[in-house]
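Accompanying notes for the structure given below.
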């Protein structure tokens, strides 16, 4: 998880959108001590749409974390 967060920081990521889940708890733990702002969302599709809008507005990739399986399926609505 720490390596992922360090890579995001190195590439200028300042915020991520997520629906917390057990499949990436290590990343969430690493984000706790990171300057990256974590926006917790209630639904995966909404999180993906927010990340898309962030990317369009800033010109940088929008980052969205969701759980595997149903979470990824729900996130596809925002792609």
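Residue numbers (my numbering): 20 to 98. Note that beta-carbon positions come from the ideal geometry of N, C-alpha and C, so glycine has one too.
Under the DSSP definition of a beta bridge, which residues are partnered with residue i?
{"i": "residue 56", "result": "34"}
{"i": "residue 83", "result": "36"}
With H, G and I counted as helix, E and B as strand and the rest as coil, what does DSSP make of residue i?
{"i": "residue 20", "result": "coil"}
{"i": "residue 73", "result": "helix"}
{"i": "residue 78", "result": "coil"}
{"i": "residue 88", "result": "coil"}
Around the C-beta of residue i, are 16 or more other C-beta atoms found within 10 angstroms, so that it is buried, or is it exposed?
{"i": "residue 44", "result": "exposed"}
{"i": "residue 88", "result": "exposed"}
{"i": "residue 41", "result": "exposed"}
{"i": "residue 59", "result": "exposed"}
With a cut-off of 8 Å on the beta carbons, I'd call residue i and residue j a contact; round off their distance for me.
{"i": "residue 55", "j": "residue 85", "result": "17 Å between Cβ atoms; not a contact."}
{"i": "residue 81", "j": "residue 91", "result": "About 16 Å; that fails the 8 Å criterion."}
{"i": "residue 62", "j": "residue 38", "result": "7 Å"}
The stretch 61-77 / the stretch 20-32 touching (three or more Cβ pairs under 8 Å): no
message: Is it the case that the stretch 45-57 contacts the stretch 91-98, given that we only count it when at least three CB pairs across the two stretches are under 8 Å?
response: no
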